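Numbering-wise (full-length UniProt numbering), the sequence shown opens with residue 1 and increments by one.
From the three backbone atoms N, C-alpha and C, an ideal C-beta is built for every residue, glycine too.
It should be emphasised that the depicted structure is a prediction, and the values quoted were computed from it without experimental measurement.
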Amino acid sequence: RYSLFYNRLKNIEENEGGLDKFSKSYKAFGVNQFVDGGVFCKEWAPGAEAVFLTGDFNGWNPFSHPYKKMEYGKWELFIPPGEDGFSPVPHGSKLKVVIRAQNGELLYRISPWARYVVRDEDKVNYDWVHWNPPLSYIHKHPSPNRLKSLRIYESHVGIASPEGKVASYKNFTYNVLPRIKDLGYNCVQLMAIMEHAYYASFGYQVTSFFAASSRYGTPDDLKEMIDVAHSMGITVLLDVVHSHASKNSEDGLNKFDGTDSCFFHSGPKGNHQLWDSRLFDYANWEVLRFLLSNLRMWIEDYRFDGFRFDGVTSMLYHHHGIGTGFSGDYNEYFGLHVDEDALCYLMLANHMIKFLHPECITIAEDVSGMPALCRPVAEGGGGFDYRLAMAIPDKWIQIIKELKDEDWNMGNIVHTLTNRRYEEKYIAYAESHDQALVGDKTLAFRLMDAEMYTNMSVLSPLTPVIDRGIQLHKMIRLITHALGGESYLNFMGNEFGHPEWLDFPRRGNNESYHYARRQFNLTEDHLLRYRFLNAFDRDMNKLEERFGWLASPPAYVSEKHESNKVIAFERAGLIFIFNFHPYKSYVDYRVVIWHSSLIVVFKYKILLDSDAAEYGGHQRLDHGTEYFSDEYPHNYRPNSLMV
């Protein structure tokens, strides 16, 4: 794998003047403004017989501005400045690339490199709009330093409002970012930014890879949003979709030059049978140019601090993970079923990002457990910094759905939370956007279900269902946070147990926005119990910020007691003790401390208590109590203490 990567990189160095120049192609392709007022246009359309540019600037004459055919399927056009010295293609004017296909048909297309596309309310398809404002947004604040402990708030700009509408970049900037900061998250991961024609696709059917979604505002609005996040010390990651592309041809990449092989594999190999989308040909030189340039544009133009790569499992294997289970057997990760070209692209992408912007972070969404995916490229690894611990949310769902409380297996929970390869960093999460989508249920909804509609008010009785749900919601998140990885992720709204599910407007729900919103206002109502969960999530993050357990070595688990339903472990100098028993509490319970000194007596105090009144608990513990270690062997360690 490293040999394949090295040869590709060497070819780029020898034939393209290096990775820096190769990945800067976004400044040459598409329609680009010259300082002198002229416009330079460049496209890759290997299957085209002729290429033209048309639009508002030439009265939509499809043939007045032909491109010149160059080598390797490239086409170029230069339009000189007007007599007044100004650009012949004004800012805000609509454009189309006209392709004469091999069968003679004229195809009106949006450039794959278009920076801004919009859709009028009375239209189905998007229009390409030339974005070249006289005064573009200038970033004022530097990116935050690379974080040691990553606490990620997974977000979607369009649903980030209690109102039933598509929310804006401006709304996120001034109403949501301060909330994220207050909750103690230091990183926001933005979904659905790359333009997608179908809103209900959650941003995963991308049509314009270089365009920030216009449904939330302008490119400058997004730049301002990222800049304000940086001013708060918040790192901003982009959920990037390079695993597939929308099948749209009128306003997407599909059949751009009239063939089914431009950018994608031809025939069945180029179609994803479950996602109904197109699959990139990662061995193609121009596809590599397109995708690598895409990453660089988001970093350098918008100042994103890194990426979460979506659908990595689909990229890694020719079977795309469809109908395939992964047991951890190494034969599953090496063989002809692995798409080495896709893996090589990921290695090139991570190498480029680390070479040009070493402060950037990359995350892999891989369910297969591909070995060394999060090791440096120089070691033959994939080069990612983190991978998502996707088994953890599945485990919590399985436990809650299938087991009675008294049947929870402590050893199985600990195994799932700690089962990761040494020195490959994992992002732990109890639930993400996947569990919030219609057809699934969030943890809060699984735990409390219909009673969330009637018994979340403090004026109503605290029923056993609500009491159990609130307590387990806090405990599940804390043990996942502290034991499950080297980073933590939460999807917006789930921190306070957002009721119901997430569903975007579509035909099946009469185009309703009722479920395509986040009711942040629920946490501000002091008569509702949502504020207890919100406060616990905030203080949990603040405690991690203070002690940095995510950046510490893996925890030492001293107890996973099946009959007592107790889990105890130590990490970053803190002792974590969880009692999952449905009805038993314990007095004078002995737990191990890691310190082996027989001379020093260590004193401990409670820092975070899920049973505290401010978190909706029963306040059964005295926070003024001090706990002292003694020379009493327990669970194969020389020292312990009583709690």
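- Task: Count the CB pairs spanning the segment 541 to 549 and the segment 144 to 157 that are closer than 8 angstroms, and state whether there are at least three.
- Result: In the pairwise beta carbon analysis, the segment 541 to 549 is classified as touching the segment 144 to 157: at least three pairs are separated by under 8 angstroms.
- In whole angstroms, what is the alpha-carbon distance linking A212 and E300? The residue you call residue 212 lines up with position 212 of the sequence shown. The residue you call residue 300 lines up with position 300 of the sequence shown. Within the model, the alpha-carbon separation for A212 versus E300 is close to 14 angstroms.
- Message: I want to know whether the segment 250 to 266 touches the segment 74 to 86 - three or more CB-CB distances under 8 angstroms.
- Response: Judged by Cβ distances under 8 angstroms, the segment 250 to 266 makes no contact with the segment 74 to 86, as fewer than three pairs qualify.
- Task: Run the CB neighbour count on L417, radius 10 Å, all protein chains shown included, and call it buried at 16 or more, exposed below.
- Result: To locate residue 417, count along the sequence shown from 1; it is residue 417. Residue burial is scored here from C-beta neighbours: L417 has at least 16 other C-beta atoms within 10 angstroms and is therefore classed as buried.
- In the structure shown, what three-state DSSP assignment does A229 receive? Here residue 229 refers to the residue found at position 229 when the sequence shown is read from its first residue. In this structure, A229 counts as helix in the three-state DSSP scheme.
- Message: Bridge partners for C41 per DSSP, in chain order?
- Response: Here residue 41 refers to the residue found at position 41 of the sequence shown. C41 pairs with V31, L77.
- Query: So does the segment 229 to 239 actually touch the segment 188 to 198, counting three or more Cβ pairs closer than 8 angstroms?
  - Reply: The segment 188 to 198 and the segment 229 to 239 touch, with three or more beta-carbon pairs separated by less than 8 angstroms.
- Query: From A101, H244, Q273, pick the residue whose C-alpha is nearest to that of Y282; which is it?
  - Reply: Translated into the one-based positions of the sequence shown, residue 282 becomes position 282. Per the Cα distances, H244.
- For G573, the nearest candidate out of V566, L607, N579 (CA to CA): Position 573 of the sequence shown, counted from the start, is the residue given in the question as residue 573. Among V566, L607, N579, the Cα nearest to that of G573 is on L607.
- Message: Less than 7 angstroms between the beta carbons of G92 and G37, yes or no?
- Response: Numbered from 1 along the sequence shown, position 92 holds the residue referred to as residue 92. Numbered from 1 along the sequence shown, position 37 holds the residue referred to as residue 37. Cβ atoms of G92 and G37: not closer than 7 angstroms.
- Between the segment 493 to 500 and the segment 520 to 537, are three or more C-beta pairs nearer than 8 angstroms? The segment 493 to 500 is in contact with the segment 520 to 537.
- Item | Host beta strand (DSSP E) of K96 (start-end) | The residue given as residue 96 occupies position 96 in the sequence shown. Here the beta strand (DSSP E) through K96 covers 94 to 100.
- Message: According to DSSP, simplified to helix, strand and coil, what is E524?
- Response: Against the sequence shown, residue 524 aligns to sequence position 524. Looking at E524 - three-state DSSP - the assignment turns out to be helix.
- Decide if the segment 153 to 166 is in contact with the segment 125 to 144; the criterion is three or more beta carbon pairs, one per stretch, under 8 angstroms apart. The segment 153 to 166, when compared against the segment 125 to 144, does not touch it at the 8 angstroms Cβ threshold.
- Use the C-beta contact count for G59: other C-beta atoms within 10 angstroms, 16 or more gives buried, fewer gives exposed. What you label residue 59 is simply residue 59 of the sequence shown in a count that begins at 1. G59 is exposed by the Cβ-count criterion.
- Using 8 angstroms as the threshold, is the segment 252 to 259 in touch with the segment 104 to 117, meaning 3 or more CB pairs across them? The count of Cβ pairs closer than 8 angstroms, one atom from the segment 252 to 259 and one from the segment 104 to 117, reaches three, so the stretches are in contact.
- Please check the pair R571 and A430, which I expect to be a contact at CB under 8 angstroms, by giving their CB distance rounded to whole angstroms. Mapped onto the sequence shown, residue 571 falls at position 571. Mapped onto the sequence shown, residue 430 falls at position 430. Between A430 and R571 the Cβ distance is about 17 angstroms, and since that is not below 8 angstroms, they are no contact.
- Task: Please name the residue, chosen from W594, E500, M70, L343, that lies closest to E49 on a Cα-to-Cα basis.
- Result: Residue mapping note: residue 49 aligns to position 49 of the sequence shown, counting from 1. With distances taken between Cα atoms, E49 lies closest to M70.
- Query: DSSP three-state call for L608: helix, strand or coil?
  - Reply: For the purposes of this step, residue 608 is identified with residue 608 of the sequence shown, where counting begins at 1. Coil, per DSSP.
- Work out the CA separation of T480 and I392 for me, nearest whole Å. To locate residue 392, count along the sequence shown from 1; it is residue 392. To locate residue 480, count along the sequence shown from 1; it is residue 480. Per the coordinates, the alpha-carbon of I392 lies some 8 angstroms from the alpha-carbon of T480.
- Tell me where the beta strand (DSSP E) around K560 begins and ends. Translated into positions along the sequence shown, residue 560 becomes position 560. Where K560 is concerned, the enclosing beta strand (DSSP E) stretches over 556 to 561.
- Query: Less than 7 angstroms separating the beta-carbons of P62 and V89?
  - Reply: Start at 1 with the first residue of the sequence shown, and residue 62 comes out as number 62. Start at 1 with the first residue of the sequence shown, and residue 89 comes out as number 89. With respect to V89, P62 sits apart: the two C-beta atoms are not nearer than 7 angstroms.
- Provide the residue(s) that pair with V166 in DSSP beta bridges, ordered along the chain. On the sequence shown, position 166 is the one that residue 166 refers to. Answer by DSSP bridge pairing: none, since V166 is not bridged.
- Item | Where G382 falls, given that 16 or more other Cβ within 10 Å makes a residue buried | The sequence position of residue 382 within the sequence shown is 382, counting from 1. Counting Cβ neighbours within 10 Å, G382 comes out buried, since at least 16 surround it.
- Query: Nearest CA to the CA of M448: which residue from I470, S432, V438?
  - Reply: Indexing the sequence shown from 1 puts residue 448 at position 448. For M448, the closest of I470, S432, V438 by C-alpha to C-alpha distance is I470.
- Task: Going by DSSP, name the residue or residues bridged to residue 644.
- Result: Residue 644 is absent from the model: the chain starts at 1 and stops at 643.
- Query: Near L147, what residues of its chain come up, given a Cβ to Cβ distance below 7 angstroms and the 5 sequence neighbours on each side ignored?
  - Reply: By one-based count along the sequence shown, residue 147 stands at place 147. Only residues of its own chain outside the window of five on either side were considered, and among them N186, C187, T235 have a CB closer than 7 angstroms to the CB of L147, listed in chain order.
- Assumed close pair E224, T173 - CB separation to whole angstroms, cut-off 8 angstroms: To locate residue 224, count along the sequence shown from 1; it is residue 224. To locate residue 173, count along the sequence shown from 1; it is residue 173. Right, their Cβ atoms sit about 6 angstroms apart.
- In the segment 430 to 461, which residue ranges form an unbroken alpha helix (DSSP H) of at least 4 residues, counting only runs that do not cross its ends? With a minimum length of 4 residues, the continuous alpha helix (DSSP H) runs that stay inside the segment 430 to 461 are 433 to 436, 443 to 448.
- Message: Taking the beta carbon of Y422 as the centre, do at least 16 other beta carbons fall within 10 Å, making it buried, or is it exposed?
- Response: Numbered from its first residue, the sequence shown carries residue 422 at position 422. With a 10 Å radius around the Cβ and a threshold of 16 neighbouring Cβ atoms, Y422 comes out exposed.
- Message: So, for L177: in the same chain, excluding its five sequence neighbours on each side, which residues have a beta-carbon less than 8 angstroms away from its beta-carbon?
- Response: For the purposes of this step, residue 177 is taken as the residue at position 177 of the sequence shown. Once the five neighbours on either side are set aside, the close Cβ partners of L177 are V188, M225, V228, A229, M232, I234.
- Rounded to whole angstroms, how far is the Cβ of V293 from the Cβ of S25, which I believe are closer than 8 angstroms? By 1-based counting over the sequence shown, the position of residue 293 is 293. By 1-based counting over the sequence shown, the position of residue 25 is 25. The residue asked about is misnamed: residue 293 is Ser in this sequence, not Val. 4 angstroms between Cβ atoms; contact.
- Task: Inspect the CB distances between the segment 348 to 360 and the segment 295 to 312 and report whether three or more fall short of 8 angstroms.
- Result: Touching, yes, given that three or more Cβ pairs across the two stretches are closer than 8 angstroms.
- Alpha-carbon to alpha-carbon, R278 and L343: Position 343 of the sequence shown, counted from the first residue, corresponds to residue 343. Position 278 of the sequence shown, counted from the first residue, corresponds to residue 278. For L343 and R278, the distance between alpha carbons rounds to 18 angstroms.
- Task: Reducing DSSP to helix, strand and coil, say where F307 ends up.
- Result: As a working mapping, residue 307 is identified with position 307 in the sequence shown. It is a strand residue.
- What residues are listed by DSSP as bridge partners for W128? Your numbering for residue 128 matches position 128 in the sequence shown. Bridge partners of W128: L95, V117.
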